[in-house]
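Undergrad: Could you have a look at this structure, given as structure tokens, before my questions?
In my numbering, the protein residues as written are 134 to 241.
What follows is the structure in structure tokens.
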């Protein structure tokens, strides 16, 4: 804008987020995928990507079970595998957020 440009601050806010996940992603016949199962910081581009990876991990297992070609317990592996991945994504997005967050008292 330059030093000669006048402006008025309309709105100011502190952005907060929470990284968290469900204890497991399968509860009986209910399966949780993407943001329904886990939340990560938007910094690091892991949210939508992990939701797609959840779906990719689940869909072929669900198809085998629904077609009677695999036992329902195969779906438990979805939860086990994706909980681990969610923990990795939470750790990495938290690191990214810590990296870009201002460190001085004045900047906060």
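Beta carbons: idealized from backbone N, C-alpha and C, even for Gly.
#1: Quick check: the Cα distance between residue 205 and residue 198, rounded to an integer number of angstroms?
#2: Hey, how far is the Cα of residue 170 from the Cα of residue 135?
#3: Please report how far the alpha carbon of residue 164 lies from the alpha carbon of residue 233, in whole angstroms.
#4: The alpha helix (DSSP H) that contains residue 214, what's its start and end?
#5: Run through the DSSP bridge pairs and tell me what residue 160 is partnered with.
#6: Give me the Cβ distance between residue 186 and residue 218, rounded to the nearest whole Å; I'm assuming they're in contact under 8 Å.
#7: Mind checking who residue 172 pairs with in its DSSP beta bridge?
#8: Please return the same chain residues whose Cβ sits closer than 7 Å to the Cβ of residue 191, not counting the five positions on each side in sequence.
TA: Short version:
#1: Sequence index remark: in the chain shown, residue 205 carries index 72 (1-based). Sequence index remark: in the chain shown, residue 198 carries index 65 (1-based). Those two C-alpha atoms are separated by around 6 Å.
#2: Along the chain shown, one-based indexing puts residue 170 at 37. Along the chain shown, one-based indexing puts residue 135 at 2. So the alpha carbons of these two residues sit roughly 45 Å apart.
#3: For the purposes of this step, residue 164 is identified with residue 31 of the chain shown, where counting begins at 1. For the purposes of this step, residue 233 is identified with residue 100 of the chain shown, where counting begins at 1. Spanning the two alpha carbons is a distance of roughly 34 Å.
#4: Position 81 of the chain shown, counting from 1, holds the residue named residue 214. Unbroken alpha helix (DSSP H) run through residue 214: 207 to 233.
#5: Taking the chain shown and counting its residues from 1, one reaches residue 160 at position 27. Under DSSP, residue 160 forms a beta bridge with 163.
#6: The residue labelled residue 186 in the question sits at position 53 within the chain shown. The residue labelled residue 218 in the question sits at position 85 within the chain shown. Distance from residue 186 to residue 218 at the Cβ level is roughly 7 Å; contact confirmed, criterion being Cβ atoms closer than 8 Å.
#7: Position 39 of the chain shown, counted from the first residue, corresponds to residue 172. 153.
#8: Within the chain shown, the letter at position 58 stands for residue 191. The beta carbon of residue 191 is closer than 7 Å to those of 164, 166, 211 in its chain, skipping five residues each way along the sequence.
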